[in-house]
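Here's the structure we're looking at; comments come further down.
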Amino acid sequence: MKVQGKMFIWLSVFVLAMAIVYGVWSKEPAGTTALFLSFGLCIMVGFYLGFTARRVDTGAQDNKEADVADDAGELGFFSPHSWQPLALAAGGALAFLGVAVGWWLLYFSAPLILLGLWGWVFEYYRGENRTQ
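This note's numbering applies: residue 996 is where the sequence shown begins, and numbers increase by one.
Next comes the structure, spelled out in structure tokens:
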């Protein structure tokens, strides 16, 4: 994590320099404010990663002699057969379409989103997959 922390700190230095140059050159407040906020976000992420890197074990990315296989391992559990993301994506697409077409479309998309989210969260608490 030390490498990522240093990358974000250097990125924040670059973004700060670009914010100053952009602010002086363009005299446009919205873009300048956005760049200064990006600088703040980069500083926060870089500080967090550097702060955390001191308290955890050295990862494979911090070892110069490490191979790609040293960082391999289980990333998590991903359901291979779930239909719930499809329902959630359809509800989300319908909700974003509601922004373009009309807000009334959100009345149809909200139940679909809630149903997909509820099913995705609780799919391993009921039915044939209850014991996984």
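For glycine and all other residues, C-beta sits at the position ideal for the given N, C-alpha and C.
- It is roughly 15 Å from the alpha-carbon of A1084 to the alpha-carbon of V1116.
- In the three-state scheme derived from DSSP, where H, G and I count as helix and E and B as strand, M1013 is classed as helix.
- Around the beta carbon of F1072, fewer than 16 other beta carbons sit within 10 angstroms, so the residue counts as exposed.
- If you compare the alpha carbons of W1005, D1052, G1035, L1044 with that of K997, the shortest gap goes to L1044.
- When Cβ pairs closer than 8 Å are counted between the two stretches, the segment 1053–1062 is seen not to touch the segment 1088–1103, the count staying below three.
- Each residue's CA atom was taken as its position, placing T1047 and V1008 some 20 Å apart.
- Contact check for L1089 against S1077 fails: the beta carbons are separated by 8 Å or more.
- Around the CB of G1111, 16 or more other CB atoms lie within 10 Å, so the residue is classed as buried.
- In the DSSP assignment, P1075 falls outside any alpha helix (DSSP H), carrying neither H nor E.
- Counting C-beta atoms within 10 angstroms of its own C-beta, V1010 has 16 or more neighbours from the protein chains shown and is therefore classed as buried.
- G1000 is classed as buried because its beta carbon has at least 16 other beta carbons within 10 Å across all chains shown.
- In the structure shown, the three-state DSSP call for T1028 is helix.
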